[in-house]
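Contents: one structure, followed by commentary.
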Amino acid sequence: MVSLTPSIDILGVNVGLYPEISAVGGNLFQYLGYGATVALGNDKTFNSDNGFGLLSRRGLMHSQKEGLIYKVFAGVERREVDKNYTLQGENAANKNGNGGH
């Protein structure tokens, strides 16, 4: 199986690093985001970015590992915010001077 973000085994724990980048542009907010998620687990099949998850088809993936299979993950994201009207307390209408006051 080919994985875009391969994982490695360290002392019996499978470790994977999954980078991400996002961009949002709209009327309410605009930002660029980037970050990464680190996943720790005891099974390489379920600890990869191979599409296993809530939206994948059931029954397509099986593990040879017996007993408890676990995966713990934590991620961080940094956002470079250009506009966020929910935090600024204003909207496009009153910013342009025609807010109806």
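All residue numbers for the sequence shown refer to full-length UniProt numbering, where the first residue is 1 and numbers rise by one. Every residue gets a Cβ at the ideal spot worked out from N, C-alpha and C, and that includes glycine. Model, not experiment: these values are computed from the prediction.
Here the alpha carbon of Gly67 sits roughly 10 Å from the alpha carbon of Asn42. Sixteen is the threshold: when 16 or more other Cβ atoms of the shown chains lie within 10 Å of the Cβ of Asn14, as they do, the residue is buried. For the pair Gly25 and Ala36, the Cα-to-Cα distance works out to about 21 Å. For Ser22, the beta-bridge partners assigned by DSSP are Gly33. One thing to note: Ala23 has its Cβ no nearer than 7 Å to the Cβ of Leu17. Comparing C-alpha distances from Val72 to each of Leu11, Arg79, Ala39, Gln30 shows the shortest one belongs to Ala39. Between the alpha carbons of Pro19 and Gln30 lies a gap of roughly 21 Å. The beta carbon of Val81 lies closer than 6 Å to those of Tyr31 in the same chain, with the five residues before and after it left out. A distance below 8 Å between beta-carbons, with the five flanking residues on each side excluded, links Ala74 to the following residues of its chain, in chain order: Thr37, Val38.
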